[in-house]
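Be aware that the sequence shown starts at 1, since it is given in full-length UniProt numbering, and climbs by one per residue. All residues carry an ideal CB built from backbone N, CA and C; glycine is no exception. In this text the structure is predicted, and so the values were computed from the model without any measurement.
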Amino acid sequence: MSSSPEPSVRRTRVALLAGLAVVVLAAVAALGAWSVLKDRAEAGQVIRGGLTDVSGRSRPVLLPLGQVDVTVSEPVESVPEGASVDAPRAPWGGSFVGVSWETGYMGGFPTWATVPLGMAPVQPHVHLVVGGHRYPVPGASGGDIVGRRKETIHGEGKAWIAVDGEPKQPVIEIEYDGVTQRVDIATGRRESGRAAPLYSLDRQGAHFRTCPAPRISGLGGVLSVDAKCGVATPLRLPYVSGLGWAKPGREWAVINASVSLPSDGEWRAAAGSGPAADYDLEPVSTTFTLDGRAPRPTPELKDAAFDATRGTGSVVFDVPVNGTGTLRIMQRARAELDDVNGARPPQSDASIILDRAMTLAP
C-alpha cells in the first residue's frame with residue numbers, strides 16, 4: 001500500500017514545474033522577440049546604390065564646385081526591390097529614407113574661378129537630419145559627389161539610410177570647406193550662411209573692356225608701343241579655391257586680364273616729330289594693384305592665375321561687397337636700341353614702365 005508524498009515534496013515538485021513553465025515562457029518570448037528583430041537594420045546603417053531610383057522631393061544646393069540636386073524619399077519600411085539583393089528590414093519602430101544626389105555645372109557659373117579644372121576640390125560632407133539625429137550620407141561625402149576624375153565636377157549616387165522613427169521633416173546638411181548649408185526638403189527653406197552669395201551671382205558672363213593708353217616712362221623722348229590690354233568686369237565671388245570663403249561683408253574680386261607687349265617700339269625725339277629709331281622690347285614683369293594693394297597669392301588657381309609670360313589669367317583681390325577702387329597695371333620691360341633712322345636717342349638701352357590706371361567696375 002503506497003503512501004502519499006510528503007507535503008514538502010509536493011511543494012518542491014510544484015515549484016519546479018512553475019520554474020520550468022517560466023523558463024519555457026521566457027524562451028518563447030525571446031524567440032518571438034528574436035523573430036521580430038531578425039534581419040533588421042540598425043539606425044544609421046546605409047544601403048548603397050542599387051538600380052532603383054529614389055523618388056521624392058528634390059532641392060538644389062549650390063557649392064563652389066557646382067550645383068548639387070538632392071532628392072529625399074518618404075520613409076519606407078523596407079528598401080525597394082532592386083535597391084539591394086539582401087537588404088535588411090527597417091529598424092524596429094524605424095524606417096528607411098532614400099537619398100540621391102547629382103552634381104553638375106551651374107549654367108553660366110564660372111566654376112573655373114572657384115575650383116579650377118585639374119585640381120582636386122574640397123570634399124563636401126553630407127548629413128540627413130531627421131528626428132533630432134544626424135545621419136552621414138557616406139557616398140555623397142566622398143568622390144561620388146565630385147566625380148571620379150579631377151577634370152570634372154559631375155557625380156551622382158544614391159543610398160538608403162536606416163533611421164529611428166518615421167521622420168516628418170527631413171533636412172539635408174552639406175558642409176563645404178567649413179561652411180554648412182541646411183535645406184528643409186519639405187519646404188525648400190534654405191540656410192546658406194556665407195554661401196548665400198552663390199545664389200545671386202551674375203551669370204551673364206564677363207565683358208572685356210580696353211585699358212586706357214599706357215603712360216610710358218624710363219626713356220627720354222616719346223616711345224610708341226602698340227601694347228594690347230583688356231580687363232574683364234570682375235567676378236565677385238564668395239569663394240576661391242586656396243583662399244576659401246570671403247569674410248562677412250567682403251568678397252573676392254576675380255579679375256581676368258589680357259596684357260601683351262609687342263617685340264618692338266618706335267622712338268621720337270618729341271611728340272609730332274617723325275620716328276627716329278626702333279627699340280627691341282623684352283617683357284620683364286606685369287604687376288596689378290588695387291588702391292595700392294597687391295592681389296592675394298593664388299597658387300591653387302594654377303593655369304587660371306595670371307601668367308606674365310603668357311600675358312593672360314586672373315588676379316584676385318579681397319574687397320568689400322560691391323567695392324570699387326583704382327586698378328593699376330604696370331608692365332616692366334627692357335628696351336634695347338635696334339636701328340637709328342634720324343636723331344639718336346639718349347639711351348641705347350633702358351628699363352621702361354608701361355603704367356595704366358582704371359576704375360574697377362562695381
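Assign residue i to one of three DSSP states: helix, strand, or coil.
| i | result |
| --- | --- |
| residue 296 | coil |
| residue 361 | coil |
| residue 30 | Its pLDDT being 40, under 50, residue 30 is placed unreliably by the model, and the measurement read from it follows with that caveat. Helix, per DSSP. |
| residue 55 | coil |
| residue 431 | Look at the range of the chain in this structure, 1 to 362, and you will see that residue 431 is not part of it. |
| residue 301 | helix |
| residue 193 | helix |
| residue 185 | coil |
| residue 67 | strand |
| residue 244 | strand |
| residue 229 | strand |
| residue 273 | coil |
| residue 286 | strand |
| residue 136 | strand |
| residue 368 | Any property of residue 368 remains undetermined from this structure, which presents the chain solely from 1 to 362. |
| residue 343 | coil |
| residue 261 | coil |
| residue 356 | strand |
| residue 366 | The structure shown does not extend to residue 366, since the chain is modelled only from 1 to 362, so the question has no answer here. |
| residue 237 | strand |
| residue 320 | strand |
| residue 224 | strand |
| residue 214 | coil |
| residue 72 | strand |
| residue 122 | coil |
| residue 219 | coil |
Just list the residues that DSSP pairs residue i with in beta bridges.
| i | result |
| --- | --- |
| residue 95 | 163 |
| residue 158 | 100 |
| residue 255 | 315 |
| residue 351 | 334 |
| residue 40 | 89 |
| residue 307 | 312 |
| residue 173 | 127 and 182 |
| residue 78 | 89 |
| residue 327 | 290 and 358 |
Closest to residue i by C-alpha separation, out of the options, would be which residue?
| i | options | result |
| --- | --- | --- |
| residue 247 | 81, 48, 321 and 130 | 321 |
| residue 300 | 243, 307 and 65 | 243 |
| residue 369 | 52, 71, 310 and 296 | What is shown of the chain runs 1 to 362, which leaves residue 369 out entirely. |
| residue 317 | 44, 272, 237 and 94 | 237 |
| residue 288 | 319, 264 and 326 | 326 |
| residue 263 | 335, 94, 95 and 172 | 335 |
| residue 179 | 211, 156 and 126 | 126 |
| residue 240 | 44, 52 and 66 | 66 |
| residue 175 | 310, 213, 136 and 212 | 136 |
| residue 74 | 99, 252, 285 and 349 | 99 |
| residue 354 | 173, 219, 169 and 182 | 219 |
| residue 284 | 235, 350, 345 and 294 | 350 |
| residue 228 | 311, 90, 167 and 54 | 311 |
| residue 157 | 172, 165 and 138 | 138 |
| residue 275 | 303, 231 and 343 | 343 |
| residue 213 | 48, 183 and 358 | 358 |
| residue 348 | 298, 304, 361 and 277 | 277 |
| residue 155 | 183, 164 and 101 | 101 |
| residue 207 | 188, 131 and 256 | 256 |
| residue 374 | 128, 44 and 361 | Residue 374 lies beyond the range of the chain shown here (1 to 362); nothing can be said about it. |
| residue 319 | 124, 307, 291 and 309 | 291 |
Of all the CB atoms in chain B, is at least one closer than 9 Å to the CB of residue i?
| i | result |
| --- | --- |
| residue 298 | Among the chains in the structure shown there is no chain B, since it carries only a single protein chain. |
If we call anything under 9 Å between Cβ atoms a contact, is residue i one with residue j?
| i | j | result |
| --- | --- | --- |
| residue 352 | residue 217 | yes |
| residue 60 | residue 69 | yes |
| residue 279 | residue 198 | no |
| residue 46 | residue 76 | no |
| residue 41 | residue 159 | no |
| residue 215 | residue 57 | no |
| residue 281 | residue 225 | yes |
| residue 345 | residue 294 | no |
| residue 177 | residue 122 | yes |
| residue 63 | residue 271 | no |
| residue 166 | residue 55 | no |
| residue 184 | residue 131 | no |
| residue 191 | residue 134 | no |
| residue 233 | residue 250 | no |
| residue 129 | residue 89 | no |
| residue 245 | residue 296 | no |
| residue 331 | residue 298 | no |
| residue 193 | residue 223 | no |
With a cut-off of 8 Å on the beta carbons, I'd call residue i and residue j a contact; round off their distance for me.
| i | j | result |
| --- | --- | --- |
| residue 323 | residue 267 | Incorrect: roughly 40 Å between the Cβ atoms, too far for contact. |
| residue 254 | residue 314 | 5 Å |
| residue 373 | residue 305 | Absent from the model: residue 373. The displayed extent of the chain is 1 to 362, so no value can be given. |
Cβ-heavy atom distance between residue i and the ligand GTP below 8 Å?
| i | result |
| --- | --- |
| residue 224 | With respect to the ligand GTP, the structure offers nothing, as it holds no ligand at all. |
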